[in-house]
Amino acid sequence: MARIVKSGLIQLSLAKTEGEGTIPEIMEAMLQKHIPYIDEAGRQGVQILCFQEIFNTPYFCPGQDAKWYASAETVPGPTTALMQGYAKKYNMVIVVPIYEKEQSGVYYNTAAVIDADGTYLGKYRKNHIPQTGGFWEKYFFKPGNLGYPVFQTKYAKVGVYICYDRHFPDGARCLGLNGAEIVFNPSATTVGQSQYLWKLEQPAHAVANGYFMGCINRVGTEKPWNLGKFYGTSYFVNPRGEILACASEDKDELLIAEFDLDLIDEVRGKWQFYRDRRPETYKEITEL
C-alpha cells in the first residue's frame with residue numbers, strides 16, 4: 001500500500017519588528033500570525049508541518065544586539081507546549097524552529113519535533129553557524145551538539161537541517177544514514193546572498209541521499225536591519241530532485257504537497273549510493 005504523506009510549509013513576513021513593540025510583543029504577534037495558518041493546515045489534513053527558522057522572532061542576526069537573548073526560551077518550553085496542543089488537536093506532526101536557551105549565556109538555533117499525538121520527540125540544534133555578510137550568528141548561537149537525529153513520527157522518519165547547514169553535504173548524508181525519509185530545512189535567506197543556490201543544493205541533497213526535502217524561507221524585508229529581501233519560494237523536492245510544489249517569492253503562504261514515501265525505495269533501488277559509498281576512503285575529510 002502506498003505511503004502517502006501530506007506535508008505543509010509556512011512562510012511568513014514579520015507581524016511586528018523592532019521599534020513596534022517590546023520583544024515579548026513582537027514574539028506574540030508573530031506567534032498569533034502563525035496560528036491561522038496552523039489551523040488551515042489542520043483543516044486541509046496536513047500530516048507534517050514545518051515553520052521557518054526562529055519562526056516567532058525577526059531574523060535579528062544582521063545586528064549584534066544582546067537584547068535579543070531575551071527572546072530565547074527553553075526547549076521544551078512554553079512555545080513547544082503550545083504547539084503540542086495544536087499537534088494533538090489536528091493529529092499533525094509539527095517541526096518548531098525556535099531560539100533555545102539551555103542556560104544563561106548558552107543559546108542554540110534549534111528545532112523541536114512534536115509527534116501527531118502531541119508528544120515532544122526531541123530537538124535538533126543547528127550544527128553549522130555562519131559569521132559572514134550580515135549573518136552574524138556566532139554572536140547568538142553555539143554550534144549544535146546533538147548530532148543529526150532522525151525522529152520516528154506517526155507518518156515518517158523526519159530529520160531537520162537548518163538554513164546554513166544546507167551548504168554542507170556531510171550532515172545531509174548523516175541524516176540519510178540515520179534513516180531520514182523527509183528532511184526539513186527551515187531557513188532565513190535573502191536576495192543577493194545564496195539565492196542561486198536555493199534550488200541547487202537541496203535537490204542535490206535529496207538525490208544524493210534518496211529522501212524528500214521541505215525547504216522553507218521567510219518573506220519580506222525586516223527593519224531596522226534591512227539585510228535584504230527574504231525571497232520565499234519555499235518548496236518540496238523528491239528523491240529524484242524534482243520540485244513538487246513551490247511557494248511565491250513575496251507572499252505569506254501555506255504550501256502543501258502530497259507525496260508517496262515508497263518512491264524512496266524505488267529511487268534507492270536504482271541508484272545504489274548507500275551500497276556503493278566508500279567510507280573507508282573518506283577519512284581525510286575528518287583529518288584535514
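1 is the number of the first residue of the sequence shown in full-length UniProt numbering; add one for each residue after it.
Glycine included, C-beta positions come from ideal geometry on N, C-alpha and C.
Opposing strand residues paired with residue i [DSSP bridges]
{"i": "N185", "result": "C215"}
{"i": "Y235", "result": "C215, C246"}
{"i": "T190", "result": "F230"}
{"i": "E5", "result": "At residue 5 the sequence reads Val, which differs from the Glu that was named. F259."}
{"i": "G202", "result": "Per the sequence shown, the amino acid found at residue 202 is Gln instead of Gly. None, per the DSSP bridge assignment."}
{"i": "Q11", "result": "E253"}
{"i": "G171", "result": "In the DSSP output, where bridge partners are listed per residue, G171 has none listed."}
{"i": "G220", "result": "F230"}
Best match in the options for proximity to residue i [C-alpha to C-alpha]
{"i": "L31", "options": "R275, D250, F51", "result": "F51"}
{"i": "G192", "options": "I94, L177, A180, K229", "result": "K229"}
{"i": "L121", "options": "E201, S194, A111", "result": "A111"}
{"i": "I216", "options": "S13, I114, R3", "result": "S13"}
{"i": "E20", "options": "Y37, R3, P58", "result": "P58"}
{"i": "P97", "options": "G232, E73, G85", "result": "E73"}
{"i": "E18", "options": "G8, W68, T190", "result": "W68"}
{"i": "E201", "options": "E181, R166, K157", "result": "R166"}
{"i": "F273", "options": "K157, L197, A206", "result": "A206"}
{"i": "I38", "options": "G8, Q64, D265, D65", "result": "G8"}
{"i": "P203", "options": "L175, N226, R240", "result": "R240"}
{"i": "Q64", "options": "Y231, R277, I285, P224", "result": "P224"}
{"i": "D262", "options": "Q152, Q103, E181, P169", "result": "E181"}
{"i": "residue 303", "options": "D276, P76, E284", "result": "Residue 303 lies beyond the range of the chain shown here (1 to 288); nothing can be said about it."}
{"i": "G210", "options": "N178, Y231, Q152", "result": "N178"}
{"i": "A66", "options": "L288, R125, Y139, I264", "result": "Y139"}
Close-in-space but distant-in-sequence residues of the same chain around residue i (CB under 6 Å, 5 per side omitted)
{"i": "F135", "result": "C61"}
{"i": "Y235", "result": "C215, I243, C246"}
{"i": "I10", "result": "Y37, F51, L254"}
Spatial neighbours of residue i in its chain, beta-carbon cut-off 7 Å, leaving aside the 5 residues before and after
{"i": "K6", "result": "G45, V46, Q47, I256, E258"}
{"i": "P130", "result": "E137, Y164"}
{"i": "V267", "result": "G210, P239, R240"}
Any chain B beta carbon closer than 9 Å to residue i
{"i": "S194", "result": "No chain B is present in this structure, which holds just one protein chain."}
Cβ-based neighbour list, residue i, same chain, cut-off 8 Å, excluding 5 preceding and 5 following
{"i": "K16", "result": "E25, I26, A29, M30"}
{"i": "E40", "result": "L254"}
{"i": "M92", "result": "A41, G42, V46, Q47, I48, L49, Y86, A116"}
{"i": "P186", "result": "C50, F51, Q52, E53, F55, V95, P97, A111, V160, I162, C163, I216"}
Cβ distance (whole Å) where residue i is taken to contact residue j below 8 Å
{"i": "C163", "j": "E249", "result": "Incorrect: roughly 18 Å between the Cβ atoms, too far for contact."}
{"i": "N56", "j": "T79", "result": "7 Å"}
{"i": "K154", "j": "A116", "result": "4 Å"}
{"i": "K142", "j": "Y99", "result": "Actually they do not touch by this definition, with Cβ atoms about 12 Å apart."}
{"i": "V150", "j": "G144", "result": "Actually they do not touch by this definition, with Cβ atoms about 14 Å apart."}
{"i": "I4", "j": "D276", "result": "About 30 Å; that fails the 8 Å criterion."}
Residue i beta carbon near the ligand NAP (any heavy atom closer than 8 Å)
{"i": "L288", "result": "The ligand NAP is absent from the structure shown, which contains no ligand whatsoever."}
May I have a chain-ordered list of the beta strand (DSSP E) segments no shorter than 3 residues that lie completely inside the segment 88-168? 93-103, 106-114, 120-125, 150-152, 157-160
Entirely enclosed alpha helix (DSSP H) segments - the segment 38-93, minimum 4 residues: 78-90
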